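Encoded as structure tokens, the structure appears first; notes follow it.
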Amino acid sequence: MNYNLNDISAHQQKASTLSILRKLMLLIKDERRNLLLALLAILTNSGLNLLNPFIIGYTIDKYVVHKNYHGVLMNAGLLVCMAFIAFGSSYMQTRMMGGVGQRMLFKLRNAVFNKLQELPVAFFNQNKAGDLISRINNDTDKINLFFSQSLMQFIGTIATMIGAGIFLLAINFRLGVATLFPGIMIFIFTKATSKWVKRKNAASLKSTGGLSAEIQESLNNFKVIIAFNRRDYFRKRFEEANEINYVAAKAAGISNNVFMPVYGFFASMGQLIVLTIGIYLISTGRFSIGLLVSYLSYSTNFYNPLRQLAALWTNFQVAMAGSDRISHILNMETNLPVTEDNRQEKIAALLEFRNVHFGYEGGKEILHNINFALEQGKTYALVGPTGGGKTTTASLLARLYDPLSGEVLLNGRDIRTYESGERTKKIGFILQEPFLFTGTVRDNILYGNEKFTGFSKAQLEEVIKNANLKSLLLIFENGLDTLINSGGESISLGQKQLIAFMRAVLRNPDLLILDEATANIDTITEKILQDILNKLPKETTRVIIAHRLNTIKNADEIYFVNAGEVIRAGSFDHAVNMLLQEKRAS
Amino acid sequence: MGNKSGPTGSAKKKGPGISKLLKPYKGMIFLLIFFALVSNGINLVLPKIIAGGIDAFPSHYVLRPLLIKFLSAAIIIFIFTFFQSIIQTNTSERVARDLRTQLAARISTQSYAYIEKANPSKLLTNLTADVDSVKMFISQAIVTIASSLIIIIGACIMLFSINWKLAAAIVVIVPIIGGVFFFVSKKVRPIFLRGREVIDRLNKVINESILGAALIRVINSQQPEYEKFLIANTEAKNLGLSILRLFAWLIPIIVFTASLAGITILALGGHFVILNSMTLGDFAAFNSYLSLLIFPIILIGFMSNVIAQSTASYQRLSTVLELPELKETGTIVDPLQGNIALQNVSVLYGQKPVLKNINFNVESGSATAIIGPTAAGKTQLLYLLTGLIKQNEGSVDFDGRNIDDYNKENFYSHVAFVLQDSIIFNMSIRENIAFSDLVTDESLAKAIATAELKEFIDSLPEGLNTILSERGTNLSGGQKQRIMLARALAVNPKILLLDDFTARVDSNTEIKILNNVRKYYPGITLISVTQKIASVEKFDKVIVLMEGEIVATGKHNELMKTSPEYVQIYNSQQSTNELQPQ
Numbered sequence: 008m009n010y011n012l013n014d015i016s017a018h019q020q021k022a023s024t025l026s027i028l029r030k031l032m033l034l035i036k037d038e039r040r041n042l043l044l045a046l047l048a049i050l051t052n053s054g055l056n057l058l059n060p061f062i063i064g065y066t067i068d069k070y071v072v073h074k075n076y077h078g079v080l081m082n083a084g085l086l087v088c089m090a091f092i093a094f095g096s097s098y099m100q101t102r103m104m105g106g107v108g109q110r111m112l113f114k115l116r117n118a119v120f121n122k123l124q125e126l127p128v129a130f131f132n133q134n135k136a137g138d139l140i141s142r143i144n145n146d147t148d149k150i151n152l153f154f155s156q157s158l159m160q161f162i163g164t165i166a167t168m169i170g171a172g173i174f175l176l177a178i179n180f181r182l183g184v185a186t187l188f189p190g191i192m193i194f195i196f197t198k199a200t201s202k203w204v205k206r207k208n209a210a211s212l213k214s215t216g217g218l219s220a221e222i223q224e225s226l227n228n229f230k231v232i233i234a235f236n237r238r239d240y241f242r243k244r245f246e247e248a249n250e251i252n253y254v255a256a257k258a259a260g261i262s263n264n265v266f267m268p269v270y271g272f273f274a275s276m277g278q279l280i281v282l283t284i285g286i287y288l289i290s291t292g293r294f295s296i297g298l299l300v301s302y303l304s305y306s307t308n309f310y311n312p313l314r315q316l317a318a319l320w321t322n323f324q325v326a327m328a329g330s331d332r333i334s335h336i337l338n339m340e341t342n343l344p345v346t347e348d349n350r351q352e353k354i355a356a357l358l359e360f361r362n363v364h365f366g367y368e369g370g371k372e373i374l375h376n377i378n379f380a381l382e383q384g385k386t387y388a389l390v391g392p393t394g395g396g397k398t399t400t401a402s403l404l405a406r407l408y409d410p411l412s413g414e415v416l417l418n419g420r421d422i423r424t425y426e427s428g429e430r431t432k433k434i435g436f437i438l439q440e441p442f443l444f445t446g447t448v449r450d451n452i453l454y455g456n457e458k459f460t461g462f463s464k465a466q467l468e469e470v471i472k473n474a475n476l477k478s479l480l481l482i483f484e485n486g487l488d489t490l491i492n493s494g495g496e497s498i499s500l501g502q503k504q505l506i507a508f509m510r511a512v513l514r515n516p517d518l519l520i521l522d523e524a525t526a527n528i529d530t531i532t533e534k535i536l537q538d539i540l541n542k543l544p545k546e547t548t549r550v551i552i553a554h555r556l557n558t559i560k561n562a563d564e565i566y567f568v569n570a571g572e573v574i575r576a577g578s579f580d581h582a583v584n585m586l587l588q589e590k591r592a593s
Numbered sequence: 036m037g038n039k040s041g042p043t044g045s046a047k048k049k050g051p052g053i054s055k056l057l058k059p060y061k062g063m064i065f066l067l068i069f070f071a072l073v074s075n076g077i078n079l080v081l082p083k084i085i086a087g088g089i090d091a092f093p094s095h096y097v098l099r100p101l102l103i104k105f106l107s108a109a110i111i112i113f114i115f116t117f118f119q120s121i122i123q124t125n126t127s128e129r130v131a132r133d134l135r136t137q138l139a140a141r142i143s144t145q146s147y148a149y150i151e152k153a154n155p156s157k158l159l160t161n162l163t164a165d166v167d168s169v170k171m172f173i174s175q176a177i178v179t180i181a182s183s184l185i186i187i188i189g190a191c192i193m194l195f196s197i198n199w200k201l202a203a204a205i206v207v208i209v210p211i212i213g214g215v216f217f218f219v220s221k222k223v224r225p226i227f228l229r230g231r232e233v234i235d236r237l238n239k240v241i242n243e244s245i246l247g248a249a250l251i252r253v254i255n256s257q258q259p260e261y262e263k264f265l266i267a268n269t270e271a272k273n274l275g276l277s278i279l280r281l282f283a284w285l286i287p288i289i290v291f292t293a294s295l296a297g298i299t300i301l302a303l304g305g306h307f308v309i310l311n312s313m314t315l316g317d318f319a320a321f322n323s324y325l326s327l328l329i330f331p332i333i334l335i336g337f338m339s340n341v342i343a344q345s346t347a348s349y350q351r352l353s354t355v356l357e358l359p360e361l362k363e364t365g366t367i368v369d370p371l372q373g374n375i376a377l378q379n380v381s382v383l384y385g386q387k388p389v390l391k392n393i394n395f396n397v398e399s400g401s402a403t404a405i406i407g408p409t410a411a412g413k414t415q416l417l418y419l420l421t422g423l424i425k426q427n428e429g430s431v432d433f434d435g436r437n438i439d440d441y442n443k444e445n446f447y448s449h450v451a452f453v454l455q456d457s458i459i460f461n462m463s464i465r466e467n468i469a470f471s472d473l474v475t476d477e478s479l480a481k482a483i484a485t486a487e488l489k490e491f492i493d494s495l496p497e498g499l500n501t502i503l504s505e506r507g508t509n510l511s512g513g514q515k516q517r518i519m520l521a522r523a524l525a526v527n528p529k530i531l532l533l534d535d536f537t538a539r540v541d542s543n544t545e546i547k548i549l550n551n552v553r554k555y556y557p558g559i560t561l562i563s564v565t566q567k568i569a570s571v572e573k574f575d576k577v578i579v580l581m582e583g584e585i586v587a588t589g590k591h592n593e594l595m596k597t598s599p600e601y602v603q604i605y606n607s608q609q610s611t612n613e614l615q616p617q
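Chains as they are written, first to last, in the numbering used here: chain A, 8 to 593; chain B, 36 to 617.
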């Protein structure tokens, strides 16, 4: 399955825009009360803003011209009350909408992160870490910026404009139409250019993702950069991504700024129309000065917000570009679903491979027609030259991937019918490259193991003693409390493998797979590990992949894996022979 | 930019650090402000034109000059606004790009110890989000502030020129609003800083769950991972809401103050018009200038958000920009022969000693093995020899001279290191192997053949140009190790350091590779950390390392007689030793 986010088909692109809008709507569904309050506040605010010039104009015509000061003071008092109400509604508006925006950002980030957890390993092999981080943190924030800041201004602006437009048309219809005419030009212009603006922003966001990916990779690989004296590599690669980002961001910036001058120009035209036609009407006695003053105010109230709209529309395009990138992730589906299949066979084997074929995405077939069965309680070894398919076979055992054809049966049932919780309790897998999280040794060996949550230190030490792991803890300077920095050098690779080993053993699985899990551990400590393995419950099936012969010496059965074929090797001597003679294909 | 005033001073003021950053771009910024001023200045004139039109309306010949004046003003505004936005974009993006380059340059010269401790997730935030905030300051705040200030000043002047008594009553709103901005900004800055720290944490959690994707699926720990994310995300949300609570007061206060000003105009100005000390046209103009005054004030209100965020971001960036630049001190360009001597070397990791009192010699052309239990310090020893870490005590000499005295390029053309953890770049195989600048086509081919990679590469449809994915996820463990070996051999080194190299390859391939190395790189000095005694029985020297100390040195036969630890290791591999290929 193609999980490459930068390789989305045009058809998928289109579907994503609609679906993301739907998802965003769903996210703010519970905010209905807040949205309503915000809307109320916005409308109140706009209403008051519109009423203001009207009252001022009325006051001028009625009281100032006729020298009625008492009337002026009365209306002034009215305006003061309105100002207080506007104060409250303006505050409400910002609080409500801003709150909606923050909570929506929160939910969106959770949704994307959760989706990542649902997707299989294949997704992470096809995408870069920095790009994913950029999507979760940066692109979601663009949507937030629009929702928390721009949206309420957006609505307020539209409300004000509609109100002003109504007043303009109501006071003098013909003049109103003429005044609003530039607005129509603006609308046409916007519609024509919006798609282009969004495209530029999408390219800019993508280049930001690329920059992020570059930084991420180089910082993680800094050891090699130093050891090969290629500090300039970091600078060079970064420069390339930086330059791409510069060009894309400039293009987006210019496209984003195209609205402002155009809107400004047409807004001035609107004012000009009011002025000239207004004065003409006054000179022919069909209009009053007071009306002209308030008319000018209304047209300002129509076009000033319209100018604000220029900036807001830009933010909208940026937010849409960001939401597209998010939706690409949200639309991905896992290709490892839990299937329904009530077929249950009565077979003796714990796990069986039947006619399994497998190859990675976009590559050739790696495993050809694999057939074997693992019986409960036995120890199996997989040996073979490097690149022959041992880890791939093990990955299929743990359902990190599904075969292209054929079946994998666990306890007589298709492994795909197992819920992941149940399956991962039965099958334990120690990966070739141990991964630890930042925390203590205790955190790591108990990681994901619900059985021991809430255990006190004493209880835990009892459990460790019973699992025969106590001697291993001595290799860590502070025992269980030793601090570990993920990706750091605080402990050696061998120690990491020990932790991964302890972690797997504590889970007590039915089938334990060790993929070169002791490769970097010294042979004396390895003997202790062999002991621990031997003391596991009798029913535990062990699959050991290793290059060291003494690691696999005591296996019940040995399989030889090479060039995608899995062959029974019979005795230990026979296996050694095959190792020496069989040609390595990769 | 020699001496620095330091970020401590900037905590009190609103952004002197950023003004230091902008000095090189003085020209563009002045141009930008100029364009903004002209377009906004002309905007100021518009209400005057309108007032003139209203006051002179009895004679309608005024229409044509009015039209011309207005239209030309509008067109000039359009042109200047357009150019302004182009320069704005250009300048802000240029500053962002240059800032990133500077940051990257500074980071690239740091020691490995710094990078490891400095939290790559924080550096990522620095290079992306923090730079963006500074960029926004330029693209939005500068022009807005400059033009808003001009409009505000200009409008105030106009107001005073029309009627100073009324103007005085109005203009008092400006300092009131200024005070509110200042107060809010001061309170909000620490929250912005914390907000960025939370983003650092979010980056870290996401990064770990990406790197540990296989583990999470094998243990089915998606839920605990989500909970980790939730904690950081919730904190981000709460910080966002507290910033919001502060800023929500800003606009209402501004608008309220402005409304009061408008009401004052109505009441007082109306009074003046009634008393005939002010014309209706002037009254209308007053109203126009007031609305002109309000808009920029509100804009500055929005900008205070941007200013606060960018100041906080720049503070974070300063810590990286002010890192000491590690200078190249080594000068020796003589080729290395391969004689290595360590004397009384001790290395501490934090407080913990990882190597104590290490003394040994390696002769050019010899093969030395380092063997020992897990966490003995073997990898740290190799890091020392390759310059990744520095010793706390003692000396590391190559050919009798201190390791630091060698020119770096010279040093790394002779010393090559194969690490324990596989590090693969998202580039083609060729670029991965020819990672050093010094690799030629011949040395590349020789390295590939030695590492037994030729068949593998030939089997790929795009051969050497096949792009390897980030972290090498489409390769097996042994393939990654062999590529790392080829990378090291491609520089044609005199000294080869192998860290547990054969852990991931089968014995058959292992023999072939070791034979290849002896054949194609004769006279190479080899130092190999290994677990297998069978591989090192023929080595010139074996060093037994335990808990950071050397407990025994010598050839295999001697150690079998003199070192109980060595014998213990040998015995643990005994039963399969005779089956090991020789």
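Quick reminder that beta carbons are idealized off the backbone N, C-alpha and C, glycines included. A quick note: this is a predicted structure, and the numbers were derived from the prediction, not measured.
| query | result |
| --- | --- |
| Could you check whether the Cβ of residue 438 of chain A sits closer than 9 Å to any Cβ belonging to chain B? | yes |
| Would you list the residues sitting across from residue 404 of chain B in a DSSP beta bridge? | B/563, B/577 |
| Under 8 Å between beta-carbons, which chain B residues line up against residue 267 of chain A? List them in chain order, please. | 116, 120 |
| On a CA-only basis, which of A/577, A/124, A/248 is nearest residue 262 of chain B? Give me that one, please. | A/124 |
| Under 9 Å Cβ-Cβ, which residues of chain A neighbour residue 247 of chain B? | 442, 443, 444, 493 |
| Residue 224 of chain A versus chain B: which residues are under 9 Å apart at the beta carbon? | 460, 461, 505, 506 |
| For the putative contact between residue 371 of chain B and residue 450 of chain B, defined by C-beta atoms under 8 Å, what is the C-beta separation to the nearest angstrom? | 7 Å |
| Apart from the five residues just before and just after residue 220 of chain B, which ones in its own chain have a Cβ nearer than 8 Å to its Cβ? | 49, 339, 342, 343 |
| Taking the straight line between their C-alpha atoms, what separation do you get for residue 427 of chain A and residue 506 of chain B? | 26 Å |
| So residue 575 of chain B contacts chain E; which residues on that side make the cut at Cβ distance below 8 Å? | Here the protein chains are A and B, and chain E is not one of them. |
| Using only alpha-carbon positions, find the residue among A/516, A/303, A/285 that is nearest to residue 430 of chain A. | A/516 |
| Buried or exposed: where does residue 230 of chain A fall if 16 or more other Cβ atoms within 10 Å of its Cβ makes it buried? | buried |
| Could you pull out every residue in the same chain whose Cβ sits closer than 7 Å to the Cβ of residue 201 of chain B, ignoring the five residues on either side in sequence? | 300, 303, 304, 307, 321 |
| Just by C-beta distance, which residues in the stretch 466-477 of chain B are closer than 8 Å to chain A? | 470, 471, 472 |
| Only counting the same chain, and skipping five residues up and downstream in sequence, which positions put a Cβ closer than 6 Å to that of residue 389 of chain A? | 397, 552, 566, 568 |
| Any idea if residue 522 of chain B is buried or exposed, counting beta-carbon neighbours within 10 angstroms, 16 or more meaning buried? | buried |
| Beta-carbon within less than 8 Å of residue 354 of chain A's beta-carbon, same chain only, minus the 5 sequence neighbours each way: which residues are those? | 380, 416, 419 |
| Can the beta-carbon of residue 435 of chain A be found less than 9 Å from the beta-carbon of residue 545 of chain A? | no |
| According to DSSP, simplified to helix, strand and coil, what is residue 572 of chain A? | strand |
| Which of the residues in the stretch 542-571 of chain A, read from start to end, lie with their CB under 7 Å from any CB of chain B? | 554, 556, 557, 560 |
| CA-CA distance, residue 167 of chain A and residue 302 of chain A? | 14 Å |
| Residue 519 of chain B to residue 464 of chain B, Cα distance in whole Å? | 11 Å |
| Name, please, each residue of chain A whose Cβ falls closer than 7 Å to the Cβ of residue 354 of chain B. | Those within 7 Å of residue 354 of chain B in chain A number zero; the least Cβ separation is about 16 Å. |
| Give a yes or no on contact between the stretch 220-234 of chain A and the stretch 141-160 of chain B, applying the rule of three or more CB pairs nearer than 8 Å. | yes |
| Using beta-carbon positions only, say whether residue 526 of chain B and residue 448 of chain B come within less than 9 Å of one another. | yes |
| Against chain A, which members of the stretch 534-550 of chain B pass a CB distance test of less than 7 Å? | 535, 538, 539, 540, 541, 542, 543, 544 |
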